[in-house]
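Enquirer: Just passing along the structure, written as structure tokens.
There are 2 protein chains.
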Amino acid sequence: MAITIKDVAKLASVAPSTVSRVIANNPRISEKTKVRVREAMVELGYHPNFIARSLASQSTQVIGLVLPSSSDVFFQNPFFSTVLRGLSEGAHEKQYALQMSTGKTEEQIYQDVVNMVQGGRVDGIILLYSRIDDEILKYLRDRQFPFVVIGRPCEWEEEITHVDNDNYRASREATEYLIRLGHDKISFIGGNKNLVMTMERLQGYQEALKGAGIPIVPEYVRHDEFLLERGQEAIQGLLLLETPPTALLVTDELMAIGVVNTLTKLEVAVPENMSIVSFNNVFFSELARPQLTSIDINIFDLGYQAAKSLIQMLLNPKEPVKRIIVPHQLIERVSCTNVQSLKK
Amino acid sequence: MAITIKDVAKLASVAPSTVSRVIANNPRISEKTKVRVREAMVELGYHPNFIARSLASQSTQVIGLVLPSSSDVFFQNPFFSTVLRGLSEGAHEKQYALQMSTGKTEEQIYQDVVNMVQGGRVDGIILLYSRIDDEILKYLRDRQFPFVVIGRPCEWEEEITHVDNDNYRASREATEYLIRLGHDKISFIGGNKNLVMTMERLQGYQEALKGAGIPIVPEYVRHDEFLLERGQEAIQGLLLLETPPTALLVTDELMAIGVVNTLTKLEVAVPENMSIVSFNNVFFSELARPQLTSIDINIFDLGYQAAKSLIQMLLNPKEPVKRIIVPHQLIERVSCTNVQSLKK
DNA sequence: AATATGGATGTAAGCGCTTATATAGGAGTG
DNA sequence: CACTCCTATATAAGCGCTTACATCCATATT
Chain V
0 MAITIKDVAK LASVAPSTVS RVIANNPRIS EKTKVRVREA MVELGYHPNF IARSLASQST
60 QVIGLVLPSS SDVFFQNPFF STVLRGLSEG AHEKQYALQM STGKTEEQIY QDVVNMVQGG
120 RVDGIILLYS RIDDEILKYL RDRQFPFVVI GRPCEWEEEI THVDNDNYRA SREATEYLIR
180 LGHDKISFIG GNKNLVMTME RLQGYQEALK GAGIPIVPEY VRHDEFLLER GQEAIQGLLL
240 LETPPTALLV TDELMAIGVV NTLTKLEVAV PENMSIVSFN NVFFSELARP QLTSIDINIF
300 DLGYQAAKSL IQMLLNPKEP VKRIIVPHQL IERVSCTNVQ SLKK
Chain L
0 MAITIKDVAK LASVAPSTVS RVIANNPRIS EKTKVRVREA MVELGYHPNF IARSLASQST
60 QVIGLVLPSS SDVFFQNPFF STVLRGLSEG AHEKQYALQM STGKTEEQIY QDVVNMVQGG
120 RVDGIILLYS RIDDEILKYL RDRQFPFVVI GRPCEWEEEI THVDNDNYRA SREATEYLIR
180 LGHDKISFIG GNKNLVMTME RLQGYQEALK GAGIPIVPEY VRHDEFLLER GQEAIQGLLL
240 LETPPTALLV TDELMAIGVV NTLTKLEVAV PENMSIVSFN NVFFSELARP QLTSIDINIF
300 DLGYQAAKSL IQMLLNPKEP VKRIIVPHQL IERVSCTNVQ SLKK
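In the order they appear, the protein sequences are chains V and L.
Position 223 of the first sequence, counting from 1, maps to 222 under numbering that gives the first Met the number 0, and the rest follow consecutively.
Position 303 of the second sequence, counting from 1, maps to 302 under numbering that gives the first Met the number 0, and the rest follow consecutively.
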């Protein structure tokens, strides 16, 4: 058996409670005793038992992460490693550990969450995505369990602390950028419709067109899974239209790359014959050929802020509900052409 | 406060210990009582407290994961999301949870491990990479703490259960494949030299050349970080040689894509003027243009097997040390040319 | 000198569960 | 019918820590 607080107490000839207080750096213990106790701890190589501490103090210093189902293509998106890095950094700063859900199906993930929450395994939870009609979110809300959502919750937005981009504005700006370049046949290629993010970006796109007096063509709007192949199907459909678009707004980088590949295969030159703006700017935009102009949504920060604000909630239960908007910026690379000049 | 075992006991009019035994499905409890207790649990909405259970039973049902430092470029490699998926699935099957290290520096990660281990937070640990001269590995071995390594440990190989590919053979086969296509000026572009994997692949490459009687040209061997830009530097150096290689063996996919990009920029056509074989086959090989011929090392399985074998160790402390080799296969796509015919 | 004050530490009761040991009651045995 | 044996359940002692409360002793106060 490992060294316990009692062993330390004995060696330092104090009571176990004193040792506990030294660990917590309680000001009611004199400096002299603290020093003596600390020496004893070092001498014995003592390390506090987290489990016992958790049981006694009813807090685990662990944050539970809810990922999309691992079988979901969305899981494969490099988006996640980046969020994870942000979360990791935010959690580390305050000495919180991260525990992940491992379920494959929605039902399993729901059970994972119940286990974490009711099993007392975690102090709080972060949902790494925001879905429409999410049972997990309802569950957490009903139990009043501390949690933070990455993305905009589609219900009870005012009651739930969340970290998000201004997807609406980002998308509008991207569209306006294309409009400024002279495009008026702009297509929107979005991902999973169940993600709140997708819908917001769609709205931003539509708003920008409306603002510029450009009619919204329903055939220009496509929704497909966040993966390569789907990007290909999407693009083929568009090219077969009577008046195909001259520019594409693609809400996911991986899809954007699929789109570029398909275009190349079909011998449609980018950016000469098709302009593309992509989203996310995980480092793949630079990797694509041509390098893609894209909206950087600072994914790392999304994770980092989520971890920080959850921890704040945990430390101070009266912390007000917050909405944190992580800024985005348009990174101009070389996937768009100015067609303004050509027109004139 | 939540419902405890005592509440259930009272409602079912049995002793708490009986309830505990019902949860564990102990055969010494009669079916009649089990049914009664289970009804009480459902009625009260009881959920066992994992922390208390962990403390009493000295086991947490949690596996600790050691990732490379999040600031490391290696962390960004899609390799990790895939391993994570495998781990997740393996752990889930046996109801184990996963907890990650969050440290940024090597020293912090070491502390994370100490916390997990000595703090009693986890039952076992999985190292997601194998590095040369790894303090963490030494620590775990010295304490005889259950752990599994993904990759080949560079020391005490016979004493440590690990899951690996036969990197040596994979690399040899890839090289032989290029040789069969008629290449004899083959370059090796490897990643971080501290990773055991890199060194093994280098050996496989050299062995294949030796076997075919092709001289080993030191200038053809390059080592760079696992990231895009470095792939570019590597390739430029090679092209400036007096007799530049006609084929490249690139040990990481991301680097391979960087290489292809650079080649395109320099107007060296792939595969016409340069053949490429890449490694890993995370889905980016398909994404590249041209699609890359590559060695699929079944990353998912690496994670899955690691989780499974660690859990086996935990369930049976006498489980023998194992070495699990996950098979690889060469996936032929279109990044290599047969130069055999040209020569003749 | 007697008493109040307060700082430093000790005492002990949990936190919710597991599990070794004790016990009760019923069946089996001669 | 007394006795053993077995099965089903209860009792109680932890697991290693936190923390409310009690105690002690040295000063300060009157």
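Ideal Cβ positions, reconstructed from N, Cα and C, are used throughout, including at glycine.
This structure is a prediction, so every number in the text was calculated from the model and none was measured.
1) Taking the alpha-carbon positions, what's the V:E285 to V:L291 distance?
2) Mapping the DSSP letters down to three states, classify V:S284 as helix, strand or coil.
3) First and last residue of the alpha helix (DSSP H) that includes V:N114?
4) Is the region 231-247 of chain V in contact with the region 174-189 of chain V, if contact means three or more CB pairs nearer than 8 Å?
5) Cβ closer than 8 Å: which chain V residues qualify as neighbours of L:E255?
6) Could you tell me which whole beta strand (DSSP E) segments of length 3 or greater appear in the region 265-316 of chain L?
7) Mind pulling the chain V residues with CB within less than 9 Å of L:K103?
8) Given a limit of 8 Å on CB to CB distance, which residues of the region 258-291 of chain V reach chain L?
9) Grab me the residues of V:G102's own chain with a C-beta within less than 7 Å of its C-beta, minus the 5 sequence neighbours each way, in chain order.
10) Whose Cβ in chain L lies nearer than 7 Å to the Cβ of V:L54?
11) Taking C-beta pairs closer than 8 Å, name the residues in chain L that V:S293 reaches, listed in chain order.
12) So that I know if they touch, is there some Cβ in chain L lying closer than 9 Å to that of V:K5?
13) Shortest alpha-carbon distance to L:I310 belongs to which of L:Q98, L:P270, L:F74, L:D122?
14) Taking L:L313 as the reference, which of L:P15, L:T59, L:A55 has the closest Cα?
15) May I ask you to report which of helix, strand or coil DSSP gives L:A1?
16) Using C-beta distances below 6 Å, list every residue in its chain close to L:N193, excluding the 5 sequence neighbours before and after it, in chain order.
17) DSSP has L:L239 in a bridge; who is on the other side?
18) From this set, V:Y176, V:M99, V:P152, V:A305, which residue's C-alpha is nearest V:I294's C-alpha?
19) If you measure between the beta carbons of L:G302 and L:T160, is that distance less than 9 Å?
20) When DSSP builds the beta bridges, which residues end up paired with L:D163?
21) Does the beta carbon of V:P344 come closer than 9 Å to any beta carbon on chain L?
22) Spatial neighbours of L:E199 within its chain, please: CB distance less than 6 Å, with the 5 preceding and 5 following residues excluded, ordered by chain position.
23) With a CB to CB cut of under 6 Å and the five nearest residues on each side skipped, what residues in its chain are close to L:N86?
24) Output the distance between the C-alpha atoms of V:A1 and V:H222, rounded to the nearest integer angstrom.
25) Output, in chain order, the set of chain L residues within a Cβ distance shorter than 9 Å of V:S80.
26) How about V:I50 and L:R332: do their beta carbons lie closer than 9 Å?
27) When DSSP labels each residue in this structure, what does V:S413 get in the three-state scheme?
28) What three-state label does DSSP hand V:I188 in the structure shown?
29) Does the distance from the CB of L:N164 to the CB of L:I275 come in under 9 Å?
30) Please list, in chain order, all residues of the same chain as V:G44 whose beta carbon is under 8 Å from its beta carbon, the five residues on each side excluded.
31) Look at V:P77 and V:F299 and say whether their C-beta atoms are less than 9 Å apart.
32) Is V:I124 near V:P152, with beta carbons less than 9 Å apart?
33) Could you tell me which chain V residues have their CB closer than 8 Å to the CB of L:L97, listed as they occur along the chain?
34) Sort out for me which residues DSSP pairs V:L99 with in a bridge.
35) Flag V:V65 as yes if its beta-carbon sits less than 9 Å from any beta-carbon of chain L, otherwise no.
36) Run through chain V and tell me which residues come within less than 7 Å of L:P47, C-beta to C-beta.
Expert: Checking against the coordinates, here is how it stands:
1) 6 Å
2) helix
3) 105-117
4) yes
5) It should be noted that the sequence gives Ala, not Glu, for residue 255 of chain L. Those do not exist, as L:A255 stays about 11 Å from chain V at its closest Cβ, beyond 8 Å.
6) 274-279, 292-295
7) S87, E88, H91
8) N260, T263, F282, E285, L286, R288
9) S68, I108, Q110, D111
10) I50, A51, L54
11) None at all; the shortest Cβ gap to chain L is about 16 Å.
12) no
13) L:D122
14) L:T59
15) coil
16) R130, I131
17) Partner(s): none; L:L239 has no beta bridge.
18) V:Y176
19) no
20) L:I324
21) In the structure as shown, chain V begins at 0 and stops at 343. Residue 344 of chain V is therefore absent and cannot be evaluated.
22) N166, Y167
23) Looking at the sequence itself, residue 86 of chain L is Leu, so the reference to Asn does not match. So the qualifying residues of the chain are G302, A306.
24) 57 Å
25) F74, Q75, N76, P77, F79, S80, L83
26) no
27) Only positions 0 to 343 of chain V appear in this structure, which leaves residue 413 of chain V out of reach.
28) strand
29) no
30) I2
31) no
32) no
33) Q98, M99, T101
34) In the sequence as displayed, the identity of residue 99 of chain V is Met instead of Leu. The partner list for V:M99 (beta bridge, DSSP) reads V:L64, L:L97.
35) no
36) G118
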